[in-house]
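In the working numbering, the protein residues as written are 47 to 225.
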């Protein structure tokens, strides 16, 4: 008798676990349909290109100094040679430091991305959270980047609901393609 109740209890628990509501979103699709995100991403790209040009200019200057040094090396005294080598080495270090400052871990680009894009990502997250709470979803997956979803039934895709919650109207008849 105890075994029957234990089995019945386990089956009820497993039914409870499987009756949880699950949905998924495609944050890449959502963000690509947020006009503000596109403009901020374009702004980030322009900043990045400008910084890259700044760094390339420094390396071009270093290359010019190095070629000049190689051409004149035989004519220079030991002190002059050492001074020019030190100058080139210092400029290379400065260029590498600038590159690290701009593009390194938690560098200027990372900080600028946090400043421009993170508020939009937070809006998306809050919209997802609101929908999950209001519609009693237990789990919401994101199929955009790292999660491998071998099969998805579109009836569980709440991406358009997230956009609507953010005030962006999508045509329900239009196929959801990545732009």
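Just so you know, even glycine gets a beta-carbon here, dropped at the ideal spot from N, CA and C. The structure displayed is predicted, hence computed values, not measured ones.
- Item | Inter-residue spacing [alpha-carbon to alpha-carbon] between residue 86 and residue 121 | Taking the first residue of the chain shown as position 1, residue 86 is located at position 40. Taking the first residue of the chain shown as position 1, residue 121 is located at position 75. Each residue's alpha carbon lies about 53 Å from the other.
- Message: Whole angstroms are fine: how far does the CA of residue 209 sit from the CA of residue 170?
- Response: Locating residue 170 in the chain shown gives position 124, counting from the first residue. Locating residue 209 in the chain shown gives position 163, counting from the first residue. Approximately 8 Å between the Cα atoms of the pair.
- Query: Using the rule of at least 16 other Cβ atoms within 10 Å of the residue's Cβ for burial, across every protein chain shown, is residue 148 buried or exposed?
  - Reply: Stepping through the chain shown from its first residue, residue 148 is reached at position 102. Per the 10 Å Cβ criterion, buried.
- Item | Nearest to residue 190 (by Cα), restricted to the options 119, 67 and 74 | As a first step, residue 190 is located in the chain shown; it is residue number 144 there, counting from the start. Selected option, being the one with the closest Cα: 74.
- Task: Report the residue ranges of all alpha helix (DSSP H) runs contained in full by the region 96 to 178; include only those spanning at least 4 residues, in chain order.
- Result: 124 to 149 and 154 to 162
- Could you pull out every residue in the same chain whose Cβ sits closer than 7 Å to the Cβ of residue 174, ignoring the five residues on either side in sequence? Here residue 174 refers to the residue found at position 128 when the chain shown is read from its first residue. Same-chain partners within the cutoff: 71, 186 and 208.
- At which residues does the beta strand (DSSP E) containing residue 188 begin and terminate? As a first step, residue 188 is located in the chain shown; it is residue number 142 there, counting from the start. First-last of the beta strand (DSSP E) with residue 188: 183 to 188.
- Query: What number of angstroms, rounded off, separates the C-alpha of residue 181 from the C-alpha of residue 68?
  - Reply: Translated into positions along the chain shown, residue 181 becomes position 135. Translated into positions along the chain shown, residue 68 becomes position 22. About 10 Å.
- Backbone CA spacing between residue 177 and residue 82 [nearest angstrom]: As a working mapping, residue 177 is identified with position 131 in the chain shown. As a working mapping, residue 82 is identified with position 36 in the chain shown. Rounded to the nearest angstrom, the two C-alpha atoms are 21 Å apart.
- Item | Backbone CA spacing between residue 217 and residue 184 [nearest angstrom] | Here residue 217 refers to the residue found at position 171 of the chain shown. Here residue 184 refers to the residue found at position 138 of the chain shown. Cα-Cα distance, rounded: 27 Å.
- Which residue comes first and which comes last in the alpha helix (DSSP H) that contains residue 76? Locating residue 76 in the chain shown gives position 30, where the first residue counts as 1. Where residue 76 is concerned, the enclosing alpha helix (DSSP H) stretches over 73 to 78.
- Item | Close Cβ partners of residue 202 (< 8 Å) along its chain, the five nearest in sequence each way excluded | Here residue 202 refers to the residue found at position 156 of the chain shown. Cβ neighbours of residue 202 beyond the five flanking positions: 68, 69 and 70.
- Write down the C-beta distance between residue 134 and residue 111 rounded to the nearest angstrom, noting that I regard them as a contact closer than 8 Å. By one-based count along the chain shown, residue 134 stands at place 88. By one-based count along the chain shown, residue 111 stands at place 65. Sure, about 5 Å apart at Cβ, within 8 Å.
- Using the beta-carbon count (16 or more within 10 Å), is residue 80 buried or exposed? The sequence position of residue 80 within the chain shown is 34, counting from 1. Of the other Cβ atoms in all chains shown, 16 or more fall within 10 Å of the Cβ of residue 80; this residue is therefore buried.
- What do you reckon, are the CB atoms on residue 227 and residue 155 nearer than 7 Å? Given a span of 47 to 225 for the chain in the structure shown, any question on residue 227 remains unanswerable.
- Query: How should residue 141 be labelled, buried or exposed, when 16 other C-beta atoms within 10 angstroms of its C-beta is the threshold for buried?
  - Reply: Here residue 141 corresponds to residue number 95 of the chain shown, with the count starting at 1. That one is buried.
- Item | Residues near residue 89 in its chain [Cβ-Cβ closer than 8 Å; skip 5 each side] | For this step, residue 89 is matched to residue 43 along the chain shown. Taken in chain order, the residues that qualify are 162.
- Mapping DSSP to helix, strand and coil, what is residue 214? Counted from its first residue, the chain shown places residue 214 at position 168. In this structure, residue 214 counts as coil in the three-state DSSP scheme.
- Residues bridged to residue 203 by DSSP? Within the chain shown, residue 203 is the residue found at index 157, counting from 1. Residue 203 has 70 as its beta-bridge partners, per DSSP.
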